[in-house]
Amino acid sequence: MNYRKWMLGLLVLLLCLPFGMTGVRAAAIPITIELDGEALSSDVPPFITASGVTMVPVGVVSKGLGAAVEWNQSSKTATISKGDNVLKLTSGKKTADVGGTSVALDTSVQIVQGRVTVPLRFVSEQLGLQVVWDQATKHIALYSNAEIVGPSAPAVPAPTSVPTPTPVPTPNVPATSVPTPTVPAPTVPPVPGAKVPKEMKGAWISTVFNLDWPSTSSAGNEAKQKQEFNTLLDKLQRTGFNAVFVQVRPSGDSLYPSVLVPWSKILTGTQGKNPGYDPLDYMITAAHSRGMQFHAWFNPFRATTDASTANLASNHVAKAHPEWIVKADNKLYINPGIPEARQHIIDTVMEVVKGYDIDGVHLDDYFYPSGTFADDEAFKTYNSKSISSKGDWRRDNINDFISRLGQSIHGVKSDVSFGVSPFGVWRNKKADSTGSDTTAGVSAYDDMYADTRTWIRSGWIDYIAPQIYWSLSFNAARYDKLVDWWVNEVKGTGVKLYIGQATYKVGTDKSAEWQSGEQIINQLKYNEKYNEVAGSIMFRANDIVSRDPFGLASLLTFYFKS
Numbered sequence: 009m010n011y012r013k014w015m016l017g018l019l020v021l022l023l024c025l026p027f028g029m030t031g032v033r034a035a036a037i038p039i040t041i042e043l044d045g046e047a048l049s050s051d052v053p054p055f056i057t058a059s060g061v062t063m064v065p066v067g068v069v070s071k072g073l074g075a076a077v078e079w080n081q082s083s084k085t086a087t088i089s090k091g092d093n094v095l096k097l098t099s100g101k102k103t104a105d106v107g108g109t110s111v112a113l114d115t116s117v118q119i120v121q122g123r124v125t126v127p128l129r130f131v132s133e134q135l136g137l138q139v140v141w142d143q144a145t146k147h148i149a150l151y152s153n154a155e156i157v158g159p160s161a162p163a164v165p166a167p168t169s170v171p172t173p174t175p176v177p178t179p180n181v182p183a184t185s186v187p188t189p190t191v192p193a194p195t196v197p198p199v200p201g202a203k204v205p206k207e208m209k210g211a212w213i214s215t216v217f218n219l220d221w222p223s224t225s226s227a228g229n230e231a232k233q234k235q236e237f238n239t240l241l242d243k244l245q246r247t248g249f250n251a252v253f254v255q256v257r258p259s260g261d262s263l264y265p266s267v268l269v270p271w272s273k274i275l276t277g278t279q280g281k282n283p284g285y286d287p288l289d290y291m292i293t294a295a296h297s298r299g300m301q302f303h304a305w306f307n308p309f310r311a312t313t314d315a316s317t318a319n320l321a322s323n324h325v326a327k328a329h330p331e332w333i334v335k336a337d338n339k340l341y342i343n344p345g346i347p348e349a350r351q352h353i354i355d356t357v358m359e360v361v362k363g364y365d366i367d368g369v370h371l372d373d374y375f376y377p378s379g380t381f382a383d384d385e386a387f388k389t390y391n392s393k394s395i396s397s398k399g400d401w402r403r404d405n406i407n408d409f410i411s412r413l414g415q416s417i418h419g420v421k422s423d424v425s426f427g428v429s430p431f432g433v434w435r436n437k438k439a440d441s442t443g444s445d446t447t448a449g450v451s452a453y454d455d456m457y458a459d460t461r462t463w464i465r466s467g468w469i470d471y472i473a474p475q476i477y478w479s480l481s482f483n484a485a486r487y488d489k490l491v492d493w494w495v496n497e498v499k500g501t502g503v504k505l506y507i508g509q510a511t512y513k514v515g516t517d518k519s520a521e522w523q524s525g526e527q528i529i530n531q532l533k534y535n536e537k538y539n540e541v542a543g544s545i546m547f548r549a550n551d552i553v554s555r556d557p558f559g560l561a562s563l564l565t566f567y568f569k570s
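So, in structure tokens, the structure goes:
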């Protein structure tokens, strides 16, 4: 009798235990969200649905992401708009209206505790943000623009200080000679099923917010920073990488002694403070000693990662030339519409080209930000060609910048490659019949005003490296369809094509296709079918060799060496 009572009690306990433990686990680690290093608050905690989708109140979208949100109670529809992007999500519907196009959803609108909640990743990416999920800490990091600055540590405010410039060659006057684009020898079509060897096996090394290098704990410690960089290169080389693209101008500053811009705060914690050595020179030597290429990566028109100027060095462009600066997306941008401002950026790049033995100059997609940009006055003042459309005028400004920078680089060192990594979608087919078969919320041409087609056909660049940061099954912007499109863009031009791949999404994106390193391997295998794909660049270094989700580094090593 007592035995039966004891067994019954144990059974009841076992039946109750999972429910109690589940509640404890859910409450133990709340989900937190940040945008570009700044925490976003929410009156209703974010939560994860049974299908693994993170939901947030629309208040987070409106206040944190700067989007306008309207809720129609009768139709149960949330309309979210930012700039030209308009999303409509209706409760109970598994599709969303994105600029008039129906896009599939895993989960739509839900009402929780009287608050309207929407899927965070879907909304963020449609607004041009990148989303990184840290499973261990239940932390969501959102990053503006297509250059992903995360997962990140929050930016450390830098006290004001006037730097003492270290002498370097005087700023260069861009050369005027136009290089003759090289035409490659005819390529032999690949044998069906055969692997086409790829020359570029690159990795981006982010320095902004101390993401990949140097660590925040190494601030002001030359020996530790050198040791960290050596370790990072060794890991990348063992994995099979042969090139690094290092961010040397993260926020209108520099990782080298300059007479034009201040020292970056990521080296010492204080913008303008001399770290006591030349990090760029050291990194180039370290890469070359391992037989690896070193490409200097510049953020062209981003001046700061936030909107404050209080802690900037006195010779930072935002203080030295406030008339060039426009605030957008809670950042400060150098206005591409002002010729002198464009020339300033060219001068900073040429300072590096002339002073260092780099293999290439690399730009990301920080041109015009997607969304609102206050440049009416510049449009009136600097529209010497009387271009009627502001969009066309903006594209002409970026075209001028790219063409003159390419001329300047090749006029000084013809063997230094010049390339750009734009947002992965030039234009959607709906906007342009010659565009890609995609329904992306933003495009390089229409939202960043980057007319990559003109750059390629004009021979202004040596390579293009589109950020194709989506999976082989993401219908709105499928990896394979975009590779196909970019292959056709470069075919017969002499411009090389490298594919930018999102290794940062492996294990952080909650979608099933990113829960394995095989997504990246399958993408690499897809690249094999095209001679035009000359390799890839992966974002970003520590996500591959330090976080190493699902043994990704080992998978890449096996692939590269097979």
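Under the numbering used here, the first residue of the sequence shown is numbered 9, with each subsequent residue one higher. Ideal Cβ positions, reconstructed from N, Cα and C, are used throughout, including at glycine.
Let me know if residue i comes out buried or exposed under the rule of 16 or more other beta-carbons within 10 Å of its beta-carbon.
i: Y11; result: Note that Y11 scores a pLDDT of 47, beneath 50, so its modelled location is shaky; the value from the coordinates is reported in the next line. By the neighbour-count rule (16 or more Cβ atoms within 10 Å), Y11 is not buried but exposed.
i: Q527; result: buried
i: P167; result: Per-residue confidence for P167 stands at a pLDDT of 29, beneath the threshold of 50, marking its modelled position as unreliable; the derived number appears in the next sentence. Classification for P167: exposed.
i: D51; result: exposed
i: T174; result: At T174 the pLDDT is 33, less than 50, meaning the model places this residue with poor confidence; the figure from the coordinates comes in the next sentence. Flag for T174 reads exposed.
i: R246; result: exposed
i: F217; result: buried
i: G284; result: exposed
i: A112; result: exposed
i: D242; result: exposed
i: D400; result: exposed
i: T213; result: Looking at the sequence shown, residue 213 is not Thr but Ile. I213 is buried by the Cβ-count criterion.
i: D92; result: exposed
i: I119; result: exposed
i: T149; result: Here residue 149 turns out to be Ala, not Thr, going by the sequence shown. Buried, since its Cβ has 16 or more Cβ neighbours within 10 Å.
Mapping the DSSP letters down to three states, classify residue i as helix, strand or coil.
i: V117; result: coil
i: K127; result: Before going further, note that residue 127 is Pro rather than Lys in the sequence given. Three-state DSSP puts P127 in a strand.
i: P173; result: Low per-residue confidence applies at P173: pLDDT is 32, beneath 50, and the placement is therefore not dependable, though the value from the model is reported in the following sentence. DSSP places P173 in coil when its eight states are reduced to three.
i: A35; result: The pLDDT assigned to A35 is 42, lower than 50, so where the model puts this residue is not dependable; a value taken from the coordinates is nonetheless given after this. Helix, per DSSP.
i: W221; result: coil
i: Q255; result: strand
i: H329; result: coil
i: Y461; result: It is Arg, not Tyr, that sits at residue 461 in the sequence shown. Note: R461 maps to helix in three-state DSSP.
i: L505; result: strand
i: V267; result: coil
i: D527; result: The sequence shown places Gln at residue 527, not Asp. Q527 falls in the helix class under three-state DSSP.
i: G467; result: coil
i: W434; result: coil
i: K209; result: strand
i: K495; result: According to the sequence as given, residue 495 is Val; it is not Lys. Helix.
i: V68; result: helix
i: S226; result: helix
i: F568; result: helix
i: K513; result: helix
i: S214; result: coil
i: K335; result: strand
i: F558; result: helix
i: V428; result: strand
i: S50; result: coil
What is the residue span of the alpha helix (DSSP H) that residue i lies within?
i: D408; result: 398–420
i: Q233; result: 230–247
i: T313; result: It is not in any alpha helix (DSSP H) - T313 carries neither H nor E in the DSSP assignment.
i: H370; result: Unbroken run through H370 is the beta strand (DSSP E), 368–371; no alpha helix (DSSP H).
i: H296; result: 287–297
i: D455; result: 452–455
i: T389; result: 384–389
If I follow the unbroken beta strand (DSSP E) through residue i, where does it start and stop?
i: W79; result: 76–80
i: G345; result: G345 -> no beta strand (DSSP E), and no H or E assigned at all.
i: P65; result: 62–65
i: I545; result: 541–546
i: A86; result: 85–90
i: K96; result: 93–98
i: D105; result: 103–106
i: I476; result: I476 -> no beta strand (DSSP E), and no H or E assigned at all.
i: A112; result: 109–112
Chain B beta carbons: is any one of them nearer than 8 Å to that of residue i?
i: R402; result: Here there is only one protein chain, and chain B is not present.
inquiry  = Check whether the region 392–400 and the region 299–316 are in contact - that is, three or more C-beta pairs closer than 8 Å.
reply    = No, because fewer than three Cβ pairs between the region 392–400 and the region 299–316 fall closer than 8 Å, the two stretches do not touch.
message = Whether or not the region 490–504 and the region 534–551 are in contact is what I'm after, with contact meaning three or more pairs of Cβ atoms, one per stretch, closer than 8 Å; do they touch?
response = yes
query = Counting pairs of beta carbons, one from the region 481–499 and one from the region 433–447, are three or more of them closer than 8 Å?
reply = yes
query = Do the region 407–421 and the region 67–81 make contact, defined as three or more Cβ pairs closer than 8 Å?
reply = Segment contact: the region 407–421 against the region 67–81, fewer than three CB-CB distances shorter than 8 Å; contact not assigned.
request  = Take every Cβ of the region 219–234, pair it with every Cβ of the region 343–352, and state whether three or more of those distances are shorter than 8 Å.
outcome  = no
query = Are at least three pairs of beta-carbons, each pair with one atom in the region 272–286 and one in the region 309–316, less than 8 Å apart?
reply = no
ask   = Does the region 125–132 come close enough to the region 57–65 that 3 or more CB-CB pairs lie under 8 Å?
value = Contact between the region 57–65 and the region 125–132 is present, because at least three Cβ pairs lie under 8 Å.
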